[in-house]
Amino acid sequence: MNKTNTHIKDDLLVKYLLKEASPAEQLQVEKWMEADKSNLSYFNAFKLIIETSQLNPDNAVNESEALSRLHQRMQKESGNSKGKNLFSVSSFIRIAAAILIVGTIIWFTYPLLYNNAKLVAVQTNGGVLQQTLPDGSTVRLNKNSFISYPGKFAGNIRSVQLKGEAFFEVKSDKEQPFVIKVNDISVKVVGTSFNIKSRNNQTVVIVKSGIVEVTKDNEHIKLHAGEKVQVHPGMTGLLKETSKGRLYDYYFSNELVCDGTPLSELMEILNEKFEVNIIITRPSLKELPLTTVFHDESLDQILKVIAATFNINVEYQGKQILLK
Amino acid sequence: MENSDNQLIELILAGDRPAFDRVFIKYYKNLYSYALKLINDRDSAEEVVQNVFCRIWEKKHQLKIDGYLKSFLYRSVHNECLNYIKHKKVRSSFQTHYNSKPEHIESDLSKELSAMELKKQLFMAINELPEDCASVFQMSRFEQLKYYEIAEQLNISIKAVEYQMGKALKILRLKLMDFLPAFLIYLTQTL
């Protein structure tokens with residue numbers, strides 16, 4: 001009984017303080033306060049709590065600007081510590097799948113590895129595969145790619161054949177350079193990381209760290225970190241370019257880092273990644289520079305961002321996606 | 001509203017970045033004000049809220065669809081503020097402030113101190129309120145919503161709002177007992 005009384009009183013006092021009480025209730029509270037000094041100090045305690053707990057939202061706060069600052073920070077941090085993402089659920093599934101594929105391949109190639117004079121050949125279809133070579137170098141093979149190498153690197157060079165696309169992290173060994181034959185060019189390195197893509201007879205080599213020497217016929221070119229070379233059939237000479245952003249390792253980093261990247265370059269990668277056919281219909285759009293990072297966004301989300309950024313229309317026409 | 005929070009969490013659980021951004025936009029102003037109340041420094045308050053959101057995205061699979069997103073956010077910001085206070089500047093900046101003004105009138109300083117202490121203890125106590133009580137209290141005191149608005153948003157009766165507010169104040173007063181009397185004496189003196 002007593003307890004209910006105090007409850008009603010507490011409710012009422014708060015109502016009074018928050019100006020939610022009816023005139024009759026207000027009178028009731030005021031009478032109660034006058035009745036006893038201890039009532040007044042009880043009331044004052046409530047008043048103090050009510051006043052101290054009030055938040056005064058700052059109307060000068062701009063949420064959208066705060067959001068873009070948050071985005072910048074998250075981009076920076078995910079760039080610094082990719083490792084953290086390894087443990088997200090989707091990556092876990094990917095890792096599990098990769099382990100399964102590697103397991104299967106080892107099962108079939110074990111006899112070859114055992115007899116190390118023989119060649120090891122690995123072909124990927126739908127998935128991406130990471131493979132460690134006999135010298136400890138690693139290769140990440142994109143889908144629909146092929147690589148072959150000896151069970152043990154003997155002789156003057158570490159020789160590897162590639163078709164399709166792969167990212168190499170080569171263990172440093174000056175005595176025994178690492179040479180990759182792809183299409184009609186050869187890529188020679190000592191110890192470095194770089195991506196090679198060869199599709200439809202066109203080859204692109206992009207260097208992430210260290211120095212890479214690319215040779216075609218009798219021409220040599222040295223590429224440093226952030227540089228790339230594109231080789232088309234029938235082309236003479238090798239031309240060095242700077243690579244903007246970091247799109248080439250999307251298939252295992254799950255990131256698309258655009259840094260002044262032309263829209264057309266990003267679209268090429270999106271076409272590969274999502275196996276779609278995006279067409280830029282207006283030539284003036286092709287060179288639009290984009291600076292942002294995509295992580296595990298869906299194609300729709302990425303296209304929405306692009307549409308909003310450049311104010312362009314995205315039209316889905318059957319198997320084609322048109323940017324207008 | 002609570003329902004749409006649940007929908008947003010569902011989307012975030014599926015890795016939907018725009019939903020995450022929507023939650024940020026929705027609650028940023030209040031969370032920032034909350035942090036500012038506890039740490040009195042604009043940049044740090046923003047950093048604290050950023051920390052909370054970064055962690056939410058990193059550990060999004062741990063989010064719960066229980067209708068208490070808002071309370072969860074306030075609680076996260078609160079704890080992050082405490083961490084901040086523990087590890088960083090506030091203590092040292094207070095010390096330099098204190099040292100640089102040795103002739104600071106003592107009663108002013110003790111007033112300042114007890115007000116700070118009260119505020120700290122109060123927000124600590126708010127943070128420990130039962131979930132239902134906390135949601136109602138936060139909406140009333142942090143968002144300045146009227147009782148009928150709170151009732152509408154939480155889909156409960158106005159009577160229930162009154163009851164939760166009464167309960168909140170009762171709990172808070174009891175928890176702050178040790179800090180209140182001195183302060184109330186100070187109040188009566190100045191009045």
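Heads up: the sequence lines are chains A and B, in that order.
The first sequence begins at 1 in our numbering and counts up by one.
The second sequence begins at 1 in our numbering and counts up by one.
Positions of the beta carbon are idealized from the N, C-alpha and C atoms, including for glycine.
Does DSSP put residue i in a helix, in a strand, or in coil?
i	result
I12(B)	helix
Q130(A)	strand
L86(A)	Any reading at L86(A) must be qualified, since the residue scores a pLDDT of 45, below 50, and its modelled position is unreliable; no value is offered.
I105(B)	Note that I105(B) scores 47 on pLDDT, short of 50, meaning its location in the model is unreliable; the coordinates nonetheless yield the value given after this. I105(B): coil per DSSP, three-state reduction.
V48(B)	helix
G191(A)	coil
G164(A)	strand
V276(A)	coil
K175(B)	helix
F178(A)	strand
I65(B)	coil
V61(A)	coil
S298(A)	coil
Q7(B)	helix
L145(B)	coil
F310(A)	helix
S93(B)	Here S93(B) scores only 49 on pLDDT, less than 50, and its place in the model is too uncertain to base an answer on.
R158(A)	strand
S264(A)	helix
S140(B)	helix
A160(B)	helix
Q54(A)	coil
M235(A)	coil
N254(A)	coil
T281(A)	coil
I71(B)	At residue 71(B) the sequence reads Ser, which differs from the Ile that was named. S71(B) falls in the helix class under three-state DSSP.
L129(B)	coil
Would you list the residues sitting across from residue i in a DSSP beta bridge?
i	result
H220(A)	T215(A)
D259(A)	T291(A)
Y316(A)	I321(A)
Q153(B)	DSSP output for Q153(B) lists no bridge partner at all.
T242(A)	E227(A)
E169(A)	T138(A), S193(A)
S55(B)	Reading off the sequence shown, one finds Arg at residue 55(B), where the question assumed Ser. Looking at the DSSP assignment, R55(B) forms no beta bridge with any residue, so it has no partner.
P150(A)	L119(A)
Q202(A)	R199(A)
V207(A)	F194(A)
I185(A)	V182(A), K216(A)
Applying a beta-carbon distance threshold of less than 7 Å, which residues of chain A neighbour residue i?
i	result
R173(B)	A45, F46, I49
L166(B)	Checking the displayed sequence, the identity of residue 166(B) turns out to be Gly instead of Leu. Correct list: H7, D10, D11, V14.
K37(B)	L55
D21(B)	L67
E46(B)	A66
Whose Cβ in chain B lies nearer than 9 Å to the Cβ of residue i?
i	result
L323(A)	Under the 9 Å cutoff, chain B gives no residues; its nearest Cβ is about 20 Å from L323(A).
P57(A)	K29, N30, Y32, S33, F142, E143, Q144
Q301(A)	D16, R17, P18
Are the CB atoms of residue i and residue j nearer to each other than 8 Å?
i	j	result
Y27(B)	L73(B)	yes
V98(A)	Q123(A)	With the sequence shown as reference, residue 98(A) is identified as Ala, and Val is not the correct amino acid for it. Taking 8 Å as the Cβ cut-off, A98(A) and Q123(A) do not qualify as a contacting pair.
G237(A)	E213(A)	no
I196(A)	I180(A)	yes
L256(A)	L263(A)	no
L55(A)	N30(B)	yes
N125(A)	N142(A)	no
I50(A)	L18(A)	yes
G136(A)	K171(A)	yes
L176(B)	L122(B)	yes
C258(A)	T292(A)	yes
R73(A)	C81(B)	no
V276(A)	L299(A)	yes
By the criterion of Cβ-Cβ separation under 7 Å, what are the contact partners of residue i in chain B?
i	result
T52(A)	L118, K119, L122
E297(A)	R17
Below 9 Å on C-beta distance, what does residue i contact in chain A?
i	result
F24(B)	E63, A66, L67, L70
Y147(B)	K15, L18, E20
E131(B)	Residues of chain A passing the Cβ test: none, with the nearest at roughly 17 Å.
For residue i, return the contacting residues in chain B, with the cut-off set at a CB-CB distance below 8 Å.
i	result
R73(A)	Q50, C54
E77(A)	C54
Residues of chain A with a CB under 8 Å from the CB of residue i: which are they?
i	result
I126(B)	S53
L169(B)	D10, L13, V14, F46, I49, I50
L176(B)	A45, I49
E152(B)	Near E152(B) there are no residues of chain A at all, since even the closest Cβ is about 14 Å away, more than 8 Å.
Would you say the beta carbon of residue i is closer than 7 Å to some non-hydrogen atom of the ligand MN?
i	result
A160(B)	Judged by which ligands are present, the structure shown has none, so any question about the ligand MN falls away.
| What are the uninterrupted segments assigned as alpha helix (DSSP H) that are 4 or more residues long and contained completely in the segment 4-51 of chain A, given in chain order? | Listed in chain order, they are 23-35.
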